[in-house]
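In terms of UniProt numbering, the sequence shown is residues 1 to 371. I have placed the structure first, in the form of structure tokens, so that the comments after it can refer back to it.
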Amino acid sequence: MDPTTPTERFRVMTAQPGRALVHLAAALDRQEVHDAASLGESVRLAELGALDFVTLGDSFARPGLDALAVLARLAPATRRIGLVPTVTTTHTEPFHVQAAVATLDWVSRGRAGWHIDVSTTEGEARLFGRRHAAPADALWREAGEAADLAAKLWDSWEDDAVIRDEATGRFVDRDKLHHVDFEGGAFAVRGPSTVPRPPQGHPVRVVDATERHARRTAARYADVALVRVAGPAQARAVRDELRTAVAESGRDPEGLRVLAGLSVDLGDGERAAEPGHGGGGPRQTAQGPLYRGGPVDLAELIAAWHRADAVDGFHLTPVEPRRDLERLVNGTVPLLQHRGLFRTFYPGSTLREHLGLARPANQYAVTGGAS
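Next comes the structure, spelled out in structure tokens:
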């Protein structure tokens, strides 16, 4: 077969034997939508495509619905897909944040994530009136403390702490609750949490590591790092840097998934692929890399980056949410599945299982920390 059309070009590509499957996630950000039902349609569509997770952005810098509350509302309407809201650590109490994320993990039965972010502007600081805006590096250090504290509070209940002993009237075994006694530069917390240990142990923590200020926090605490880069060589360099930093922090580099962040405009028709990638991109823009083309060439781009071992997957932001998500799920995903690059069904039920991440051991139960 002469591989002259986009579809034929894609069919002649082969996956490398033994290589892990591509991970795919999609952003559902639609600032103008204040209707959970409409967002629910998008989440269920993404679930039909077996995507690992969806993200829903949030920020104090713009009006909109609370992302975590919306995804908690949508959790019962879905069964497998991961749900990852943005929750900022600036101007918020980390004790409340970790409890809310743990609650999302419970109501979704182990499918919650937490996209950690910071608030950098003076306008956002004025909403709270407690302090002025701080430099990004200081805010990301604080975000790291919040991520560290969250893990400790999630572990402050051992997995079998809830006993529900009707004979004695005891709901919880207090010997299996632990004070975290956390002392950080920004806050101090005694604990334990008010929410039992989440089904995943630790809900999946996601950090956008595109900016260098965030990379140390990502290396020390993230399960998933997002990087907005326009080429596979750059992506591979950032992933190598992150994995090195992960190892230096005492973690296993294999416990970090690095996804390339890419905006996609699938309204354009298929076109001849440019060298190194398909369609009309990605092209670097002020908002980050943008792919403009059709679903087939997007599949080519993903497959090419996979062959180059550049990233573990992609976090895709549809430019036109309804249209582009539908074309991604019904166009790009089946092509990737056909070549054995992407799953055809969910093999597990939790977000950690989708991502191939182990459930963390409880640090207090393992070390015998004092309660």
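The beta-carbon is built from N, C-alpha and C at its ideal position, and this holds for glycine as well.
**Message:** If we require 4 or more residues per run, which alpha helix (DSSP H) segments fall completely within the segment 285–320?
**Reply:** 295–307
**Boundaries (first-last residue) of the alpha helix (DSSP H) holding A44** = According to the sequence displayed, residue 44 carries Arg and not Ala. Segment A36 to L48, the alpha helix (DSSP H) holding R44.
**Prompt:** For chain D, is any of its Cβ atoms less than 8 Å away from the one on F171?
**Reply:** You won't find chain D in this structure, because it holds only one protein chain.
**Prompt:** Does the ligand PLP have a heavy atom nearer than 7 Å to the CB of A26?
**Reply:** As for the ligand PLP, it is missing from this structure, which has no ligand bound.
**Prompt:** How big is the Cα-Cα spacing for E122 and R73?
**Reply:** Cα-Cα distance, rounded: 31 Å.
**Request:** For L226, name the three-state secondary structure that DSSP assigns.
**Result:** strand
**Asked** Taking buried to mean at least 16 other C-beta atoms within 10 Å of its own C-beta, is I81 buried or exposed?
**Response** Residue environment for I81: buried (at least 16 other C-beta atoms within 10 angstroms of its C-beta).
**Prompt:** Where does D312 land, buried or exposed, given buried means 16+ other C-beta within 10 angstroms?
**Reply:** Using a 10 angstroms sphere on the CB of D312, the tally of other CB atoms reaches 16 or more, which defines it as buried.
**Request:** For my contact list, T350 and R111 are in at a C-beta cut-off of 8 Å; report their separation, rounded to the angstrom.
**Result:** A Cβ-Cβ distance of about 6 Å is found for the pair T350 and R111, placing them in contact under the 8 Å criterion.
**Straight-line Cα distance separating A125 from V206** = 23 Å
**Request:** Could you name the residues that DSSP lists as bridge partners for A188?
**Result:** DSSP output for A188 lists E183 as bridge partner(s).
**Message:** Using C-beta distances below 6 Å, list every residue in its chain close to R215, excluding the 5 sequence neighbours before and after it, in chain order.
**Reply:** A209
**Asked** Bridge partners of R283, per DSSP?
**Response** L290
**Validate contact between the segment 307–323 and the segment 250–266 using beta carbons, cut 8 Å, 3 pairs** = yes
**Request:** Mind checking which residues open and close the alpha helix (DSSP H) that includes F95?
**Result:** P94 to V107
**Rounded separation between L83 and G113 - CA only** = As the crow flies, the alpha-carbon of L83 is around 6 Å from that of G113.
**Prompt:** How about A303 and R339: do their beta carbons lie closer than 8 Å?
**Reply:** Contact flag set, yes.
**DSSP state of L65 mapped onto helix, strand, coil** = coil
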